[in-house]
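Residue numbers (the working numbering): 66 to 1242.
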């Protein structure tokens, strides 16, 4: 969907001039002008607060534009003609300072004359008239030399106008901002830019700060001090140099300025080559963020949360240091809970690829039919979640890693913990991050069952163009299968079909073809003047998507193409011709469309697709003629086709809107008519009709390449806050020529036309890739469906659901601060981007939504499972520090109170320091720290922990060490009488240890007696040897991993005993020789499989013998074994191969499978290639 419908064409051009924005900065600007003077900006939309605010009178006669401006909603002359007094039409600015400058746009419509008063004293007059609207806001009026105090500046209509204005309609007043001048002196305060710094030993960082008030001068006595110079030093230029591992405070102070501020500095172990940390997946990290990440707070652990059948999303920033890194790789362990695990294969680790993009709005295709690229700046943005294959990273660069954990539906609720390791081939340094996922006790429906779904318009021909295959050939259909299965996983149901050539008038890339988006149904005019229609491509497209399990809506575009032109093949001349179907002429329109509609309906009946087919419209006016024609053509059952449209004119054209079975309204049009849209939601839901929100090229926030990823998540949350049935976007896959290099479009903001990316054209496995934008949209879709589902299941919780969504601002375009960017070409348009403040506010709000949803889920599961423990609180832990021998009785409270406390288990992280029994009695044993945990036996993530610290005197510690040592002595080696003395002394010592008030003398006596008894021990006489019973071998455990020789195996079942090869204990393994069976703990197990990623990146492995009993080889089992050139399959049957099982093996691999039958062997060779093997010898 490109551009927004021109629904205001009939409005007077003068009002359009008022509303259209050219360039502005809707956020506060502050700058230093000259020594001792600074400026700050009050924006026209700043209307709340005690000072630094605008106010407008009468408030009902002023409005905001799409930029940060205010103007009279009716011309001043019109208001006066309707009885208003000119003196009642005004605005004020309240500020503190010594001067003020008013800014606004000069334009033909801004011709009203005004007077200016400062503190009720008239200071001058002006008007904002110009023969042409200025391209940016300009100075309108200024005042200087005021006393430094609070002032009220008042701008009042006079009732007059500029002499050049002859039309009363051009007597508006408009303003964008006021720039205030204030005096400044030497600083009396300071604000540090960061709360803390984290750097590694040997690194340096500059402490950054701002003096207060802003623009103030640096005090002469400003000093910087390090609290511990062995940890870090700081020089007079505020450069911090890390000297040793540890923590300290850096203080900056001034005695004359009477301020002192400190920042915490943590110095980590030295790493010269690489570093890594978790970052916010909603934020954007261009290379310019390198220094901020290098010196900022480094998050080394992350715990996400998810439902069952859900995904948990994280992001990691890998930083290269002083050298280029080769083959950077990322790996993850299985995620373990108390009694279950999420396999590492469920954790997808993908390197993010950067894409170049134009940073503005390229314009409008109708003014750029030559498809000239915009001339403005390009930047690189992290964009494509591409692959887990190792990558090279140049020095001092950011390499992002996308982490997405798929939680199987049968996963027990609990907290699952593991490690993510980052390494590179040319350094021994590694970084290990703690990673955990809390699985909540709720199940997310499958995407096809979502209550809130998505519709992303698709361009299947573009897939053929990119990969240079024949449209709808077998090869094309195979590419489309994965492409659309991905779409299905997003919650997509509806598919896009074209019924005319160029339904969108050639806006998309066309692969060098004259027609960019062809019709799937070919129109052919026979020599006798009759019509026939070729449905070959349409049928293949629909059948493919039905096989995938989608296409419950086939939306056909369009009976109103953007230029109303229908192209067809004229059989008589053998040429492509065209005819125009004008909706304004119902007779002529029917002549074009009636034959098609009758044949199309007949074809849909034959295929059984009639009930799922819609005629689609995109931002069109005058649709009644088309709708009437649709309703005139009935199928065999007397029904007519359904209608779907992106249609913004729902307020003034409700009659047409009500005829739509499925409708979508643009973000800005919703804002312009918010209450009306909310009413439409209620009405359409009551009538079983869909109403969704869409974002398009002019909207902010948005989902462009340059957009902050959180904007995509916000978009879904905002749509959900309005209770829409879903979200729509153009487009899913309308790629430009080389999207992996540059996402710039000649007519729209970069990335506007696609959410997925292709593989490289020569990639062995060609598959569509998520953009970060799409991943965040998808996260939002999953989360809003959780909320919709809980609200529907328990309507009494609806108010709490609404409370969560109150965190989602956006009813006004300026709710999240944004700036505008002027076009760089004559056909360009103004771009709108969130400011840093806007991004920060949105990140904060969406974090609040996520936290609210997390807590809401807990309440939901409590209600759903009232007998299950949902919360545990440990009681009786008022003190946290104890001495050896002390005890602490803990108790607990559980929620709901109906749950049984007997279902709680107690544990200690360090029993040698403090042990705990089944009733919560803690015994302090030795100096140190221990974490005492009470956890639900059924649901391990329901828990609470406390930390206890055990201290003891030096003498008591020695006594404790002696008792521990004696307890390990073998009693039967000593005579009974001497051992008896030891036991007596040991009992006395333990009694002293338990006394919290034991005196030093008591401890000394106990220690002396114990040593004396031990010194008196005598060895017993030797006895004849006796047979010692052999300890039975422990039974096999299903799911447990065992080592046998150099290999590792996981037990699949114990009866019969089956195992799967899970890897090698050594990455240097060169030869793998599997046997049909392996003996584990004395039990012979049949080896039936090789687990996913078992030998991933075993780069020294050269040959492999696959055992005769192997039936499955898991995903990426031999991925990255680049030297593996010989494989011998011993089995008679071909094993099933997981995705990319042999990707990245040697260029040529010799494969033996002599026991397989010829046909089976030939088929198996093809499967090996599909699994990533390049050339088979």
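In this text, a Cβ means the ideal position worked out from N, Cα and C, and glycines have one as well.
All values reported here derive from a predicted model rather than from experimental measurement.
State the Cα-Cα distance for the pair residue i and residue j, rounded to the nearest angstrom.
i: residue 703; j: residue 667; result: 12 Å
i: residue 1225; j: residue 830; result: 23 Å
i: residue 1037; j: residue 1048; result: 13 Å
i: residue 1026; j: residue 904; result: 57 Å
i: residue 583; j: residue 784; result: 32 Å
i: residue 1114; j: residue 1102; result: 12 Å
i: residue 1238; j: residue 441; result: 44 Å
i: residue 708; j: residue 128; result: 36 Å
i: residue 1124; j: residue 1148; result: 11 Å
i: residue 1126; j: residue 408; result: 15 Å
i: residue 1247; j: residue 729; result: A query on residue 1247 cannot be resolved here, the shown segment of the chain reaching from 66 to 1242 and no further.
i: residue 74; j: residue 724; result: At residue 74 the pLDDT is 33, less than 50, meaning the model places this residue with poor confidence and gives no usable figure here.
i: residue 493; j: residue 980; result: 39 Å
i: residue 1194; j: residue 1218; result: 5 Å
i: residue 394; j: residue 487; result: 6 Å
i: residue 241; j: residue 521; result: 37 Å
i: residue 918; j: residue 1235; result: 41 Å
i: residue 339; j: residue 957; result: 45 Å
Nearest to residue i by alpha carbon, out of the options?
i: residue 1202; options: 1184, 1189, 1211; result: 1184
i: residue 302; options: 292, 272, 282, 286; result: 272
i: residue 1199; options: 1188, 1232, 1187, 1213; result: 1232
i: residue 205; options: 212, 865, 191, 199; result: 191
i: residue 890; options: 396, 372, 117, 436; result: 436
i: residue 358; options: 261, 373, 391; result: 261
i: residue 530; options: 581, 502, 486, 480; result: 581
i: residue 630; options: 571, 612, 391, 345; result: 571
i: residue 733; options: 721, 162, 712, 1015; result: 712
i: residue 525; options: 800, 111, 245; result: 800
i: residue 305; options: 694, 270, 284; result: 270
i: residue 328; options: 671, 312, 342, 1175; result: 312
i: residue 1079; options: 503, 862, 1032; result: 1032
i: residue 239; options: 605, 156, 320; result: 156
i: residue 452; options: 1178, 736, 1205, 928; result: 1205
Ignore the nearest five residues each way along the sequence and tell me which others in residue i's own chain have a CB closer than 7 Å to its CB.
i: residue 1166; result: 1134, 1135, 1137, 1160, 1186, 1188, 1189
i: residue 1040; result: 1083, 1085
i: residue 216; result: 160, 183, 184
What residues are listed by DSSP as bridge partners for residue i?
i: residue 1059; result: DSSP output for residue 1059 lists no bridge partner at all.
i: residue 621; result: 562, 680
i: residue 695; result: According to DSSP, which records beta bridges pairwise, residue 695 is partnered with nothing at all.
i: residue 401; result: 406, 482
i: residue 447; result: 419
i: residue 169; result: 203
i: residue 175; result: 236
i: residue 644; result: 631
i: residue 491; result: DSSP, once it has assigned bridges, lists no residue as partnering residue 491.
i: residue 543; result: Note: residue 543 sits in no beta bridge, so no partner.
i: residue 846; result: Bridge partners of residue 846: none, in fact.
i: residue 557; result: 519
Please look up how many angstroms separate the CB atoms of residue i and residue j, rounded, as I've assumed it's under 8 Å.
i: residue 559; j: residue 626; result: Not a contact, Cβ separation roughly 19 Å.
i: residue 777; j: residue 838; result: 5 Å
i: residue 955; j: residue 987; result: 6 Å
Which residues in the same chain as residue i place their Cβ atom closer than 6 Å to its Cβ, once the five residues preceding and following it in sequence are excluded?
i: residue 290; result: 316
i: residue 1197; result: 1220
Ordered along the chain, which non-local residues of its own chain (more than five positions away) have a Cβ less than 8 Å from that of residue i?
i: residue 590; result: 596, 633, 634, 635, 636, 637, 642
i: residue 294; result: 308
i: residue 609; result: 542, 545, 546, 549
i: residue 195; result: 171, 172, 173, 175
Should residue i be counted as a contact of the ligand NAP given a C-beta to heavy atom distance under 7 Å?
i: residue 732; result: As for the ligand NAP, it is missing from this structure, which has no ligand bound.
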